[in-house]
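Chemist: Numbering (my numbering), first residue to last: 4 to 389. In this text, a Cβ means the ideal position worked out from N, Cα and C, and glycines have one as well. Would you mind keeping the following structure in view while I ask a few things?
See below:
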């Protein structure tokens, strides 16, 4: 008797595709090389009285983009410094008349200046949010990975209105609505962000953000009376925010995840504070030496130099102070770019993981380049991001 089992016939089952493993993000850049780049840029900013910053920003982005590796391939930053300069000059042509008009109106009606400043602040906040959105749009369209460009649609003014209304709610709720504001704005930005024909989305929720950092809101009032605690709170808050934000990003089937610990960024902020204190001491010593030098050149003692208020009329002293202040500001920028830009970038990347990268293998290139006007507005309003 044949007792062999019988298998019913049917359509052949397709072989199951293996699930691609998560892909960690790596950074291959050299810290010393980056320091030389920003130190050289600071020197050229000093010579050009700040105008070299457009070329420096472009060089920094190219360095960071080109050393960020996803599955062995790095994105390319295709923006040009000339675009940033032109965008900034156009923005100035729009912003300067507004500043000038407000200044003249304040002279004509000094008693209404305080009241008139409220709508001006509101206007510039709204305008600043528009600039932030358009600057992001510019940077995204200048980012290419594996031959396909990122791009962005949507309205900067709609985003600015949403941001302003949510901002009012945050003020009214004493900051408790901040997680929901961030979630709503990220959903709008990511919904209009694309990698080729792959549309972005944001899955993070405000409640998730709040649950991860609710205790930070409770500690914030205490930090007012204990300033060192504020640095720990801020560092932990930024780490929570980065982890929540990265873990919510999607491009089609591609998903990001972050494993950043709450304490990952606190050391960076303490190092930054240490450098600020050190540079402040050096600047104070420089001011004292310049004052002694100019007073000795005038043949007067320090007491007489200050009693006669000669320091306020001394052109050599004012020139030396101006040079020292510019050098102090540029040195501070070097430290900030090293710790709060490059090192922060590396720590964020080291905690990032990309899931299902295969879903981005067959995208079709789409999208058009955006102009640099938004970046110029952001620079003119001193709210430029990266």
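Alpha carbon to alpha carbon, how far is residue 91 from residue 383? Give it in angstroms, no decimals.
Modeler: Counted from its first residue, the chain shown places residue 383 at position 380. Counted from its first residue, the chain shown places residue 91 at position 88. In this predicted model, residue 383 has a pLDDT of only 48, less than 50, meaning its place in the structure is not dependable enough to derive any value.
Chemist: Quick one, which of 268, 187, 364, 83 has its alpha-carbon nearest residue 76's?
Modeler: As a first step, residue 76 is located in the chain shown; it is residue number 73 there, counting from the start. Looking at the Cα atoms, 364 is the closest of the given residues.
Chemist: Could you give the distance in angstroms between the alpha-carbon of residue 60 and the alpha-carbon of residue 199?
Modeler: Taking the first residue of the chain shown as 1, we reach residue 60 at position 57. Taking the first residue of the chain shown as 1, we reach residue 199 at position 196. Taking the straight line from one Cα to the other gives about 25 angstroms.
Chemist: Do you know offhand how far residue 280's Cα is from residue 361's?
Modeler: Locating residue 280 in the chain shown gives position 277, counting from the first residue. Locating residue 361 in the chain shown gives position 358, counting from the first residue. C-alpha separation (whole angstroms): 48 angstroms.
Chemist: Cα separation between residue 147 and residue 169?
Modeler: Locating residue 147 in the chain shown gives position 144, where the first residue counts as 1. Locating residue 169 in the chain shown gives position 166, where the first residue counts as 1. Approximately 32 angstroms, taken between the alpha carbons.
Chemist: Do residue 265 and residue 239 have their beta-carbon atoms positioned less than 9 angstroms apart in this structure?
Modeler: What you label residue 239 is simply residue 236 of the chain shown in a count that begins at 1. What you label residue 265 is simply residue 262 of the chain shown in a count that begins at 1. Cβ atoms of residue 239 and residue 265: closer than 9 angstroms.
Chemist: If you drop the 5 nearest sequence neighbours on each side, which residues of the same chain put their C-beta closer than 8 angstroms to that of residue 188?
Modeler: Within the chain shown, residue 188 is the residue found at index 185, counting from 1. These residues qualify, in order along the chain: 162, 165, 166, 169.
Chemist: Assuming residue 358 contacts residue 258 (C-beta within less than 8 angstroms), just tell me the rounded distance between them.
Modeler: Translated into positions along the chain shown, residue 358 becomes position 355. Translated into positions along the chain shown, residue 258 becomes position 255. Right, their Cβ atoms sit about 4 angstroms apart.
Chemist: Have a look at the DSSP bridge pairing and note the partners of residue 355.
Modeler: Counted from its first residue, the chain shown places residue 355 at position 352. DSSP output for residue 355 lists 261 as bridge partner(s).
Chemist: Going by DSSP, what residue range makes up the beta strand (DSSP E) through residue 237?
Modeler: Counting from one through the chain shown, the residue named residue 237 turns up at place 234. Here residue 237 belongs to no beta strand (DSSP E); instead the alpha helix (DSSP H) covers 230 to 250.
Chemist: Relative to the C-alpha of residue 79, which candidate in 245, 243, 152 has its C-alpha closest?
Modeler: Along the chain shown, read from residue 1 onward, the residue named residue 79 stands at position 76. Cα-wise, what sits closest to residue 79 is 152.
Chemist: Looking at C-alpha atoms only, which residue of 283, 320, 275, 231 is the closest neighbour of residue 295?
Modeler: In the chain shown, the residue the question calls residue 295 occupies position 292. Looking at the Cα atoms, 320 is the closest of the given residues.
Chemist: Can you find the residues in the same chain that come closer than 8 angstroms, C-beta to C-beta, to residue 275, ignoring five residues on each side of it along the sequence?
Modeler: Counted from its first residue, the chain shown places residue 275 at position 272. Correct list, in chain order: 338, 339, 342, 343.
Chemist: What span of residues does the beta strand (DSSP E) with residue 175 cover, start to end?
Modeler: As a position in the chain shown, residue 175 is number 172, starting the count at 1. Segment 159 to 175 is the alpha helix (DSSP H) holding residue 175; no beta strand (DSSP E) there.
Chemist: Please report the straight-line C-alpha distance between residue 186 and residue 241, rounded to a whole angstrom.
Modeler: The count along the chain shown starts at 1 and reaches residue 186 at position 183. The count along the chain shown starts at 1 and reaches residue 241 at position 238. Using only the alpha carbons, I get a separation of about 15 angstroms.
Chemist: What did DSSP end up calling residue 198 once you bin it into helix, strand or coil?
Modeler: For the purposes of this step, residue 198 is identified with residue 195 of the chain shown, where counting begins at 1. It is a strand residue.
Chemist: Enumerate in chain order the residues of its own chain whose CB-to-CB distance from residue 253 is below 8 angstroms, with the five nearest sequence positions on each side excluded.
Modeler: As a first step, residue 253 must be located in the chain shown, where it is residue number 250. The residues are 193, 203, 204, 205, 206, 259.
Chemist: What residues match up with residue 80 in a beta bridge as DSSP calls it?
Modeler: Counted from its first residue, the chain shown places residue 80 at position 77. The partner list for residue 80 (beta bridge, DSSP) reads 146.
Chemist: Could you tell me the distance, in whole angstroms, from the CA atom of residue 29 to the CA atom of residue 370?
Modeler: Here residue 29 is taken as the residue at index 26 of the chain shown, counted from 1. Here residue 370 is taken as the residue at index 367 of the chain shown, counted from 1. Their backbone Cα atoms lie some 27 angstroms apart in a straight line.
Chemist: Check each candidate in 141, 349, 289 and name the one with the smallest Cα separation from residue 372.
Modeler: Here residue 372 refers to the residue found at position 369 of the chain shown. It is 141.
Chemist: Among 46, 26, 27, 67, which residue has its Cα nearest to the Cα of residue 36?
Modeler: Here residue 36 is taken as the residue at index 33 of the chain shown, counted from 1. Comparing Cα-Cα distances from residue 36 to each of 46, 26, 27, 67, the minimum goes to 67.
Chemist: Measure the beta-carbon distance from residue 286 to residue 327 and round it to whole angstroms, keeping in mind my assumption that it falls under 8 angstroms.
Modeler: As a working mapping, residue 286 is identified with position 283 in the chain shown. As a working mapping, residue 327 is identified with position 324 in the chain shown. That belief holds up - the Cβ atoms of residue 286 and residue 327 are roughly 6 angstroms apart, short of 8 angstroms.
Chemist: Grab the span of the alpha helix (DSSP H) containing residue 60 for me, first residue to last.
Modeler: Against the chain shown, residue 60 aligns to sequence position 57. Looking at the DSSP string, the run of the alpha helix (DSSP H) that includes residue 60 is 56 to 69.
Chemist: Closest to residue 102 by C-alpha separation, out of 156, 182, 127, would be which residue?
Modeler: Locating residue 102 in the chain shown gives position 99, counting from the first residue. When only C-alpha atoms are compared, the closest one is 127.
Chemist: Tell me which residues share the same chain as residue 331 and place their Cβ nearer than 7 angstroms to its Cβ, disregarding the 5 neighbours each side in the sequence.
Modeler: Counting from one through the chain shown, the residue named residue 331 turns up at place 328. Correct list, in chain order: 282, 286.
Chemist: I need the straight-line Cα distance from residue 248 to residue 157, nearest angstrom please.
Modeler: Working through the chain shown from its first residue, we reach residue 248 at position 245. Working through the chain shown from its first residue, we reach residue 157 at position 154. Those two C-alpha atoms are separated by around 20 angstroms.
Chemist: From residue 2 to residue 86, what does the alpha carbon distance come to, in whole angstroms?
Modeler: Residue 2 lies beyond the stretch modelled for the chain, which goes from 4 to 389, so this question has no answer here.
Chemist: What's the C-alpha gap between residue 124 and residue 245?
Modeler: For the purposes of this step, residue 124 is identified with residue 121 of the chain shown, where counting begins at 1. For the purposes of this step, residue 245 is identified with residue 242 of the chain shown, where counting begins at 1. Answer to the nearest angstrom: the Cα atoms are 29 angstroms apart.
Chemist: Does DSSP put residue 371 in a helix, a strand or coil?
Modeler: Within the chain shown, the letter at position 368 stands for residue 371. It is coil, neither helix nor strand.
Chemist: Could you pull out every residue in the same chain whose Cβ sits closer than 7 angstroms to the Cβ of residue 220, ignoring the five residues on either side in sequence?
Modeler: The count along the chain shown starts at 1 and reaches residue 220 at position 217. Cβ neighbours of residue 220 beyond the five flanking positions: 178, 179.
Chemist: Take residue 385 and list the residues in its own chain whose beta-carbon comes closer than 7 angstroms to its own, dropping the five residues that flank it on each side.
Modeler: Stepping through the chain shown from its first residue, residue 385 is reached at position 382. Residue confidence is low: residue 385 scores 48 on pLDDT, short of 50, so the model does not pin down where it sits. No coordinate-derived value is stated.
Chemist: Confirm, please, whether the CB-CB distance from residue 95 to residue 54 is below 9 angstroms.
Modeler: Translated into the one-based positions of the chain shown, residue 54 becomes position 51. Translated into the one-based positions of the chain shown, residue 95 becomes position 92. No. Outside cutoff.
Chemist: Taking Cβ to Cβ, would you say residue 354 is nearer than 9 angstroms to residue 267?
Modeler: Here residue 354 refers to the residue found at position 351 when the chain shown is read from its first residue. Here residue 267 refers to the residue found at position 264 when the chain shown is read from its first residue. A contact, by the Cβ cut-off of 9 angstroms.
Chemist: Let me know if residue 33 comes out buried or exposed under the rule of 16 or more other beta-carbons within 10 Å of its beta-carbon.
Modeler: Here residue 33 corresponds to residue number 30 of the chain shown, with the count starting at 1. Counting Cβ neighbours within 10 Å, residue 33 comes out exposed, since fewer than 16 surround it.
Chemist: To the nearest angstrom, report how far apart residue 51 and residue 250 are at their CA atoms.
Modeler: Sequence index remark: in the chain shown, residue 51 carries index 48 (1-based). Sequence index remark: in the chain shown, residue 250 carries index 247 (1-based). Between residue 51 and residue 250, the C-alpha separation is close to 41 angstroms.
Chemist: Residue 50 lies in the beta strand (DSSP E); which residues open and close that run?
Modeler: Position 47 of the chain shown, counted from the first residue, corresponds to residue 50. Premise fails: residue 50 lies in the alpha helix (DSSP H), 34 to 50, not in any beta strand (DSSP E).
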